[in-house]
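Student:
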Amino acid sequence: KLWVKVWKEIFNVNGNQKQAEVAILLSDKTDSKATTVKKGNKGYYIMIKGLVQQENITILNIYAPNTEAPKFIQQLLLGLRNEVDDNTIIMGDFNTPLTTLDRSSRQKVNKETMNLNYTLEQMDFTDIYRTFYPTNAGYTFCSSAHGTFSKKHHIIGQKTSLNTFKKITIFLNNLSDHSGIKLEIKL
11 KLWVKVWKEI
21 FNVNGNQKQA
31 EVAILLSDKT
41 DSKATTVKKG
51 NKGYYIMIKG
61 LVQQENITIL
71 NIYAPNTEAP
81 KFIQQLLLGL
91 RNEVDDNTII
101 MGDFNTPLTT
111 LDRSSRQKVN
121 KETMNLNYTL
131 EQMDFTDIYR
141 TFYPTNAGYT
151 FCSSAHGTFS
161 KKHHIIGQKT
171 SLNTFKKITI
181 FLNNLSDHSG
191 IKLEIKL
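Here the sequence shown is numbered in this note's numbering, starting from 11 and rising by one per residue.
1. If we ignore side chains and look at the alpha-carbon of each, how far apart do Q132 and S115 end up?
2. Which one of D112, K196 and N173 has the shortest CA to CA distance from A147?
3. Of the choices L36, R140, F21 and L108, whose alpha-carbon is the least far from that of Q63?
4. Quick check on S160: does DSSP put it in helix, strand or coil?
5. Measuring alpha carbon to alpha carbon, tell me which of G89, R140 and N173 ends up nearest I191.
6. Whose C-alpha, out of T136, H188, I34 and K121, is nearest the C-alpha of S154?
7. How big is the Cα-Cα spacing for T129 and K52?
8. Look at N71 and G102 and say whether their C-beta atoms are less than 8 Å apart.
9. Whole angstroms is fine: what's the gap from T40's alpha carbon to V94's?
10. Where does M133 fall in DSSP's three states?
11. Which residue's Cα is closest to the Cα of I83: N184, I166 and N183?
12. Mind listing, in chain order, the continuous beta strand (DSSP E) runs of no fewer than 3 residues lying wholly within the segment 52-128?
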């Protein structure tokens, strides 16, 4: 028996030669309506603004390039700073761990990542997984070539909205070296 999930809406953008692609899928089981969709011209991000269960929400999904990822994300967030608010959730493949705990090797974060973390702090954002699990070394990526694990996929939210997040979990994917993160929101 084949089970197929039906999505109410799927928003996606991809870059030239499919170098990057991000998507946001809205469940048919959720009362949601997108009012604005903004797509990055190279496929590295998509942002939707709208209503979920009659509450305003902004969702920004980012795929950062493999090189200079922290700098890319920092510049993107600074460019979009007038479009984010207390109801904004930022997610995606950041291609960089944000803390030492996010690497199995415990390698220190570099200066570019420290600058990104400073920008997130200044914009009042926090890593939701790290807030819920400050000492848990949950990983979302496995490099079999290097024998290391890291958490380079993140869900970031406003510190003032932390009480609206019910649960966050990393779920394993046996078909890929990437694992997903699921955030449950109290609505």
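Even for Gly, the Cβ is constructed at its ideal location relative to N, Cα and C.
Tutor: Judging by the given coordinates:
1. Using only the alpha carbons, I get a separation of about 28 Å.
2. D112
3. Considering only alpha carbons, the answer is L36.
4. Residue state, collapsed to three classes: strand.
5. It is R140.
6. H188
7. 23 Å
8. Yes, they are a contact pair.
9. 22 Å
10. coil
11. When only C-alpha atoms are compared, the closest one is I166.
12. 55-62, 65-73 and 98-103
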